[in-house]
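For any residue, its number in this note's numbering is found by taking its place in the sequence shown, counting from 1, and adding 540.
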Amino acid sequence: MTRKSSETGRCTECNGAMPSCAPLAVPYVPFQQENASIYKDCDALSQGTLFPCLNLPFHLAVNGTPVPMTPLAQLQALDFVLQELALYLDTHKDDEEAFELFQQYTALMERSRAAYERQNGPLNLTAAAADSSWQWTHSPWPWDLKGED
């Protein structure tokens, strides 16, 4: 028995079961494959995903905008890649290649952050604790640095 309101043409079934008059949709969700190819750091940040196989166009629009090649943007890109790899490893814990990549990016992030902080000062409060005195407010803020947008 189909239940439709004769005035609106809408389904009036509201008891929690799938009514016979409900429109059906068949979504396509890409399945994350192991050993998938990956974008470079800044490209991943620009595209919003590390994995090209998950970067599907929305209404055939090209995704992403260029990321500026500044030291701060590169740190953001590295941090994004680490987060993407961590999410991937949550569902693919046995992918040894991905875990090795995560370890490599973690080491690269630590070196890059340390180099940035040596040149520009601490990025967060916990990094400020490594100084011999309170210098947090005396360092230039990231948005005050010349040549970085």
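Backbone N, C-alpha and C define an ideal beta-carbon position, used for all residues, glycine too.
The Cβ atoms of Leu-629 and Phe-620 lie no closer than 8 Å to each other. Asp-634 and Glu-574 have their C-alpha atoms spaced approximately 10 Å apart. If you check the CB distance, Pro-662 and Ala-668 come in under 8 Å.
By the Cβ neighbour-count rule, Cys-593 is exposed, with fewer than 16 other Cβ atoms within 10 Å of its own. Glu-640 carries a helical assignment under DSSP once its states are collapsed to helix, strand and coil. About 4 Å separates the beta carbons of Ser-586 and Gly-604, which is inside the 8 Å limit, making them a contact pair.
In this chain, the alpha helix (DSSP H) harbouring Gln-614 covers 611-631. Taking a C-beta distance under 8 Å as the contact criterion, Leu-618 and Tyr-645 qualify as a contact pair. Inter-residue distance for Gln-572 and Thr-631 is about 9 Å (C-alpha atoms, whole angstroms). A direct Cα-Cα distance of roughly 19 Å separates Ala-670 from Leu-615. When only Cα atoms are considered, Asn-595 and Glu-624 end up about 13 Å apart.
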